[in-house]
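J.:
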Amino acid sequence: MMRLSASHSAGPSLIKPLMTALALVFFLGATGYQAISSGIDYSLVVGVFATRFLGIFVEAAPFLLLGSITAGLIEAFVKADDIWRLVPRNRLAATVMGAFLGLVFPVCECGVVPVTRRLFNKGLPVSLGVAFLLAAPFMNPIVFASTYIAFGFGPVFIGRIVITILVAVIVGLVIGGFAKPSAVLKPLAQEQDHAHEHQAPPSVRARLLQALQIAADEFFEMGRFLILGSALAALMQTLVPQESLLALGTGSVLSVVFMQALAYILSVCSTVDSFLALAFVNAFTTGAIVSFLSFGPMVDIKSTLMFTGVFRPRIVIYLILLPFMLNLLAGVILNVALGY
Amino acid sequence: MLKSLTRPRLDSVNPNPIAWVKTAILLGLGLYFSWLIISGNLTNYINQRFAWLAVVGAAVFIGLALVTIYGNLRADEDCGHEHFPIGWDILLITSLPLLLALIVPSRSLGIEAVNGGISLSPVGVASQAAFQRSPLDRNILDWLREFDRAPSPAAFNGTAADVVGFIYREPAFAEDSFMISRFTMSCCVADAFPIGMPVSASQAADFETGVWARARGELRAANFGGDVMPVLFAESLEAVEEPRQPYLYP
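First to last, the sequence lines map onto chains L and Y. Mapped onto my numbering, the consecutive letters of the first sequence carry residue numbers 1 to 340. Mapped onto my numbering, the consecutive letters of the second sequence carry residue numbers 1001 to 1250.
1) Got a sec: which bits of the region 74-98 of chain L sit with their beta carbon under 9 angstroms from any beta carbon on chain C, in order along the chain?
2) What would DSSP say about Pro1017 (chain Y), mapped onto helix, strand or coil?
3) Can you pull the chain Y residues whose beta carbon is under 8 angstroms from the beta carbon of Pro62 (chain L), in chain order?
4) First and last residue of the beta strand (DSSP E) that includes Thr308 (chain L)?
5) Please look up how many angstroms separate the CB atoms of Arg118 (chain L) and Ala71 (chain L), rounded, as I've assumed it's under 8 angstroms.
6) How far does the beta strand (DSSP E) with Leu124 (chain L) in it extend, from its first residue to its last?
7) Does the Cβ of Asn335 (chain L) have 16 or more other Cβ atoms within 10 Å, making it buried, or fewer, making it exposed?
8) 8 angstroms is my cut-off, CB to CB: does Asn1044 (chain Y) come that close to chain L?
9) Report, in whole angstroms, the separation of the C-beta atoms of Leu293 (chain L) and Ser274 (chain L), which I expect to be a contact under 8 angstroms.
10) For a test of the three-state rule: what should DSSP assign to Ala136 (chain L), helix, strand or coil?
11) Fully enclosed by the region 1138-1222 of chain Y, which alpha helix (DSSP H) runs are 4 residues long or longer?
12) On the DSSP bridge list, what partners appear for Ser1251 (chain Y)?
13) Can you pull out the residues from the region 1176-1203 of chain Y whose beta carbon lies closer than 7 angstroms to at least one beta carbon of chain L?
14) Mind the definition here: the region 319-334 of chain L touches the region 154-163 of chain L only if three or more C-beta pairs lie below 8 angstroms; say whether that holds.
15) Report the residue from L:Pro137, L:Val78, L:Leu319 whose alpha carbon sits nearest the alpha carbon of Leu101 (chain L).
16) With DSSP collapsed to three states, give me the class of Ser1231 (chain Y).
17) Determine, using beta carbons only, whether Asp1176 (chain Y) and Ser1200 (chain Y) come nearer to each other than 8 angstroms.
18) Runs of 3 residues minimum, wholly inside the region 153-232 of chain L: which ones carry the beta strand (DSSP E) assignment?
19) For the region 1182-1198 of chain Y and the region 1206-1214 of chain Y, state whether three or more C-beta atom pairs, one from each stretch, are separated by less than 8 angstroms.
20) Is it true that the CB of Val1164 (chain Y) sits closer than 8 angstroms to the CB of Trp1212 (chain Y)?
21) I'd like to know whether the C-beta of Phe1050 (chain Y) is nearer than 8 angstroms to at least one C-beta of chain L.
22) Tell me, which residues are paired with Glu1238 (chain Y) by DSSP?
23) Using 8 angstroms as the cut-off, can you tell me whether the region 44-52 of chain L makes contact with the region 1013-1028 of chain Y, which would need three or more C-beta pairs spanning the two stretches below that distance?
24) Can the beta-carbon of Ala76 (chain L) be found closer than 8 angstroms to that of Leu1064 (chain Y)?
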């Protein structure tokens, strides 16, 4: 146990700057809002923030808990050898497999991070894991169904599938191209497993108990990022007027940039983002709608913070910028093809 | 581990306060979720249709709390916990939802959450059933959908309407007119979106912006903010309590 503790010192050092940044944003935002609308009761603003924050948390926490339990079960029951047996040797084939893995592990963006972390821990190749991380929140039957109900079988539905797979595979290959997993992953995520293998308890019942205890720790470890992310998203929604953003959303390129920025800020669960996107169908280009739907589940405020618990800071930046640029490119190409 | 289910010895109890605060937070969150379900306040935060998620959340939180209690009482025989050195900073952040829930009274999004205008366009996809509702049963969202697919604003002239919402005004509105508004919500408050329909009422000035009201009257195409659209000319306007489900579900 001591060994494990020592290997994990990177986490808390990141949290303090994050907390400071959050406090600063809150202070600036609150004073700015105060100055603009001095007629409005300050306690009402706090009330709106509390409702938005708790709403996002209450909706997301059960998904994080289910992801944590899955992660605990993987830790307690899956052996590193099993993963090596199942993963294709060819990197491209492995990465493509990652993009489709969500059909086997149906998780949304709140649950996918702890699951990926544990799979990495069992020696999953980086490219496969990254593709899984980006694609899984959309590549599952529930989100297929909600997208189909909202948009039917057409450019949005097909575009969302094709772009999600392409972007996930490309980003997986790029990040998997780094020399060593240690250049990509935080220390804990790759060292813990072999330190633990020899003392794995024998009985199924004991392993289940172990899985649940890991799930509880996983909730705290990942939950702090979810909570900070929910707070940031709620803050943005409370303080930034949607109208001022909507004014930016014209043109075949700018509309895509805007919708992706909106997807990042809103941090809406992938199971329902299709219904939200419908609200924008009349005001925005089809490329913008598709990019909103393909980019949103990959990266948003809360998942960014969760990524910082798994990946090294430089990789987290790649994980935001690469999908952003690739989805933007895809959205603009789609707009040009459709004649906007 | 699990060698015996006999009473734990005192020296096997985990003396680390962090381990017990962890348990307290998990238990607290489980109780908070249970309270949201029992009190009905859950609908201030998420769509009724996802209430089962909160039930799952409450059960898992309480279950995990019990597992950590079990682990804490057998600290010496256990290898399965404290994989992460969870510090006070993590505990502080994870207790944030509980602190906020205790300090700030639970309430829905209302007029003060409208951040830059109210939409006159419908949200989401309507099932066939939504269009078969009789005019007096239609809510604000149903009406906007009807307006959206109608050939002209005059198509509803003379149709009776009866809607509940909060009153929203902009400086440019005429003195006797306002919008009667609701937030729509597909999933949770993250996607809450304010929509509204124009109302004209002689007693409008008696109603403050933001209060909940029920407007009954007839629709007629009229000029509203420079566009001709169906406007509800309210014969009766009365203050009402906020509905138990404050949001409209697309």
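Using N, Cα and C, we set each Cβ at its ideal position, and we do this for glycine too.
T.: This is what the structure holds:
1) Given the protein chain composition of this structure (L and Y), no chain C is represented.
2) Locating residue 1017 (chain Y) in the second sequence gives position 17, where the first residue counts as 1. Correct three-state label for Pro1017 (chain Y): helix.
3) Within the first sequence, the letter at position 62 stands for residue 62 (chain L). Per Cβ cutoff of 8 angstroms: Leu1053, Ala1054, Val1056, Gly1057, Val1060.
4) For the purposes of this step, residue 308 (chain L) is identified with residue 308 of the first sequence, where counting begins at 1. No beta strand (DSSP E) contains Thr308 (chain L), which DSSP labels as neither H nor E.
5) Mapped onto the first sequence, residue 118 (chain L) falls at position 118. Mapped onto the first sequence, residue 71 (chain L) falls at position 71. Correct: roughly 4 angstroms between the Cβ atoms.
6) To locate residue 124 (chain L), count along the first sequence from 1; it is residue 124. Segment: none, Leu124 (chain L) is in no beta strand (DSSP E) and carries neither H nor E.
7) As a working mapping, residue 335 (chain L) is identified with position 335 in the first sequence. With 16 or more other Cβ atoms within 10 Å, it is buried.
8) On the second sequence, residue 1044 (chain Y) is found 44 positions in, with the first residue counted as 1. Closer than 8 angstroms to some Cβ of chain L, the Cβ of Asn1044 (chain Y) qualifies, so yes.
9) For this step, residue 293 (chain L) is matched to residue 293 along the first sequence. For this step, residue 274 (chain L) is matched to residue 274 along the first sequence. With 8 angstroms as the limit, Leu293 (chain L) and Ser274 (chain L) qualify as a contact, their Cβ atoms being about 7 angstroms apart.
10) As a first step, residue 136 (chain L) is located in the first sequence; it is residue number 136 there, counting from the start. Correct three-state label for Ala136 (chain L): coil.
11) 1140-1149
12) Here chain Y comprises residues numbered 1001 to 1250, so residue 1251 (chain Y) is not present and cannot be evaluated.
13) Ser1186, Cys1187, Cys1188, Val1189, Ala1190, Asp1191, Phe1193
14) yes
15) To locate residue 101 (chain L), count along the first sequence from 1; it is residue 101. Ranking L:Pro137, L:Val78, L:Leu319 by Cα distance to Leu101 (chain L) puts L:Pro137 first.
16) The count along the second sequence starts at 1 and reaches residue 1231 (chain Y) at position 231. The residue you asked about is not Ser; residue 1231 (chain Y) is Val in the sequence shown. Of the three classes helix, strand and coil, the one that applies to Val1231 (chain Y) here is strand, per DSSP.
17) Looking up residue 1176 (chain Y) in the second sequence gives position 176. Looking up residue 1200 (chain Y) in the second sequence gives position 200. Yes, Cβ-Cβ distance for Asp1176 (chain Y) and Ser1200 (chain Y) is below 8 angstroms.
18) none
19) no
20) The sequence position of residue 1212 (chain Y) within the second sequence is 212, counting from 1. The sequence position of residue 1164 (chain Y) within the second sequence is 164, counting from 1. For Trp1212 (chain Y) and Val1164 (chain Y), yes; Cβs fall inside 8 angstroms.
21) Looking up residue 1050 (chain Y) in the second sequence gives position 50. Interface residue, yes.
22) Stepping through the second sequence from its first residue, residue 1238 (chain Y) is reached at position 238. Note: Glu1238 (chain Y) sits in a beta bridge opposite Y:Arg1214.
23) no
24) In the first sequence, residue 76 (chain L) corresponds to position 76, counting from 1. In the second sequence, residue 1064 (chain Y) corresponds to position 64, counting from 1. No, the pair does not count as a contact, with Cβ atoms beyond the cut-off.
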